[in-house]
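Enquirer: Position 176, counted from 1, in the sequence shown is what the working numbering calls 248; the numbers after and before it change by one each time, with no gaps. Where is the CB? At the ideal position from N, CA and C, for every residue including glycine.
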Amino acid sequence: MKKLNTLNKIYLAVLALLIIATGIKFWNYGSWNRYHYTASVTAPAMHPIQVMDADFILSDKSTVSLATYSVNERRQDWGWGDINARDEYEHLPVKLLLNYASYRDQAFYRDTLDLPVALIDSIFKNSRKQENEASVDELAEDERTLAFVVGIANKGNVVVWLRGKKSEQVLLKHKIIAREPLASDLYYKKEKLNKKEYLENVFKYFGEEFLKKIADGVDKDANYIDSASHYNR
73 MKKLNTLNKI
83 YLAVLALLII
93 ATGIKFWNYG
103 SWNRYHYTAS
113 VTAPAMHPIQ
123 VMDADFILSD
133 KSTVSLATYS
143 VNERRQDWGW
153 GDINARDEYE
163 HLPVKLLLNY
173 ASYRDQAFYR
183 DTLDLPVALI
193 DSIFKNSRKQ
203 ENEASVDELA
213 EDERTLAFVV
223 GIANKGNVVV
233 WLRGKKSEQV
243 LLKHKIIARE
253 PLASDLYYKK
263 EKLNKKEYLE
273 NVFKYFGEEF
283 LKKIADGVDK
293 DANYIDSASH
303 YNR
């Protein structure tokens, strides 16, 4: 009988540990604080950039990468974000890490920006409450989601929008100071280049018409940071 009581105590202890572990896992997952959203980067056509890193740091310390394929392939204009379809519901972002090169500026930029956490949280909670979540550009109306779009303009200027079906909120504007690239930034097709070689190779596929516009100074000093995105035009 004494052995049986000891065995029961062991079983109860194991069960208690399993319940505690499950509770911790559920708490850490925090489904009530997770949302479905998209996140992408946009840039003006006349100010092409190459994005090496664009990541959200989330409230649980994990990271989510922003979609950059259109902007890196020069297939995008100012204000148009990609749809990076994600099935997962994620915690909300608290910081934005950007690392990119600008052809027009012939410069490299890197910074980690603090996002307005309280404002973002309020928008998502209100959107969920009002059932006002919607997809970007009406491309998937059955998905209830909000969209972060990070606009990288000329001269290191950055704007972050948060869009819903009927709204667009400017979350922040920031100016990143140009810096010298890290050695890890200068790899192109697995080959390490110097700064000049990297910029020449990454941006070498421009046509004559585009290069003429650059030479003529088209949009050289455009104030994109304060202009409306296509969304509100």
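For K264, which residues in the same chain have their Cβ closer than 8 Å to its Cβ, ignoring the five residues on either side in sequence?
Expert: Around K264, the same chain offers A255 and L258 as residues with beta carbons nearer than 8 Å, after the five sequence neighbours per side are excluded.
Enquirer: Give me, in chain order, the residues of the same chain whose beta-carbon lies closer than 8 Å to that of R176; leave out the 5 immediate sequence neighbours on both sides.
Expert: M118, H119, P120, N226, I286 and K292
Enquirer: Using three-state DSSP, classify E281 as helix, strand or coil.
Expert: helix
Enquirer: What span of residues does the alpha helix (DSSP H) with S142 cover, start to end?
Expert: Looking at the DSSP string, the run of the alpha helix (DSSP H) that includes S142 is Y141 to N144.
Enquirer: Using DSSP with H/G/I as helix, E/B as strand and the rest coil, what is A287?
Expert: helix
Enquirer: Among the residues of its own chain, which have a CB less than 6 Å from the CB of K238, if the five just before and after it don't count?
Expert: Residues of the same chain with a CB within less than 6 Å of the CB of K238, apart from the 5 flanking positions on each side, do not exist.
Enquirer: Just the C-alpha distance for N273 and N105, rounded to the nearest angstrom, thanks.
Expert: 43 Å
Enquirer: Quick one, which of L218, T114 and T184 has its alpha-carbon nearest K197's?
Expert: L218
Enquirer: Could you check the C-alpha separation between K261 and N144 for me, to the nearest Å?
Expert: 14 Å
Enquirer: Might you give, ordered along the chain, the residues of its own chain that have their beta carbon closer than 8 Å to the beta carbon of Q178, omitting 5 neighbours on each side?
Expert: L271
Enquirer: Out of curiosity, what's the CA-to-CA distance linking H163 and D132?
Expert: 7 Å
Enquirer: Can you give me the C-alpha to C-alpha distance between T135 and S199, rounded to a whole angstrom?
Expert: Their backbone Cα atoms lie some 23 Å apart in a straight line.
Enquirer: Could you tell me which residues DSSP puts in a beta bridge with Q148?
Expert: According to DSSP, Q148 bridges with nothing at all.
Enquirer: Can the beta-carbon of W152 be found closer than 8 Å to that of T184?
Expert: no
Enquirer: Could you give the DSSP three-state label for I129: helix, strand or coil?
Expert: strand
Enquirer: Quick check: L187 and L244, are their CB atoms within less than 8 Å of each other?
Expert: Here L187 is near L244, since their CB atoms are less than 8 Å apart.
Enquirer: Who are the near neighbours of I192 in its chain, counting only those whose CB is closer than 6 Å to its CB and skipping five residues on each side?
Expert: L164
Enquirer: So what does DSSP say about S256, is it helix, strand or coil?
Expert: Secondary structure of S256 (DSSP, three-state): helix.
Enquirer: Which term fits S174, buried or exposed, when burial requires 16 or more other beta carbons within 10 angstroms of its beta carbon?
Expert: Counting the other Cβ atoms within 10 Å of the Cβ of S174 gives 16 or more, which makes it buried.
Enquirer: Looking at the structure shown, is A225 part of a helix, part of a strand, or coil, going by DSSP?
Expert: coil
Enquirer: Between I249 and the rest of its own chain, which residues show a CB-CB distance below 7 Å, the 5 nearest in sequence each way excluded?
Expert: G228
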